[in-house]
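What follows is a set of notes on a single structure, which appears directly below.
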Amino acid sequence: VQLQASGGGLVQAGGSLTLSCAASGSIFRLNVMGWYRQAPGKQRELVARITSGGSIYYAESVKGRFTVSRDNAKFTVYLQMNSVRPEDTAVYYCNRVGARAGIDYWGQGTQVTVSS
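Going by the working numbering, the first residue of the sequence shown is number 1, and it counts up by one from there.
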């Protein structure tokens, strides 16, 4: 089982980052994949999800700023983050939609910190 998120870092408000997540085929194949985030003291929330056929959903808080995509051949999902805000600061994870926090494997995630 593999879920390796990368690409996080420190960015100024208004800047951009691109996150990548390499998943094992058993997780990626035929599953709706999602990007989640968890800020300190808050619950993990779904930011965006994408089906294997390319249907996409965004949380209202990121709509128009973030773009999710996936490469089915590489078992990789991406999150392009534009016009980032301090409230986007969180650890970002990818996983299949339906994965359960504290029960299913999530990997280490990648920290995104947005400075004002």
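Where is the CB? At the ideal position from N, CA and C, for every residue including glycine.
Where DSSP assigns a beta bridge to residue i, which residues make up the other side?
i: residue 9; result: 112
i: residue 56; result: 50
i: residue 70; result: 77
Hey, out of the options, whose CA is closest to residue i's CA?
i: residue 55; options: 74, 33, 12; result: 33
i: residue 119; options: 11, 20, 76; result: Because the chain in this structure spans residues 1 to 116, residue 119 falls outside the shown range and cannot be described.
i: residue 115; options: 57, 5, 11; result: 11
i: residue 46; options: 22, 88, 71, 73; result: 88
i: residue 130; options: 22, 68, 31, 63; result: In this structure the chain extends from 1 to 116, so residue 130 is not present and cannot be described.
i: residue 29; options: 106, 79, 71; result: 71
Can you give the beta carbon distance from residue i to residue j, rounded, assuming they're within the 8 Å contact cut?
i: residue 49; j: residue 97; result: 5 Å
i: residue 110; j: residue 41; result: Between residue 41 and residue 110 the Cβ distance is about 19 Å, and since that is not below 8 Å, they are no contact.
- request: Flag this pair as touching only if the stretch 2-21 and the stretch 82-90 have three or more C-beta atom pairs under 8 Å; answer yes or no.
  value: yes
- prompt: When the Cβ atoms of the stretch 32-49 are set against those of the stretch 89-99, are three or more pairs found closer than 8 Å?
  reply: yes
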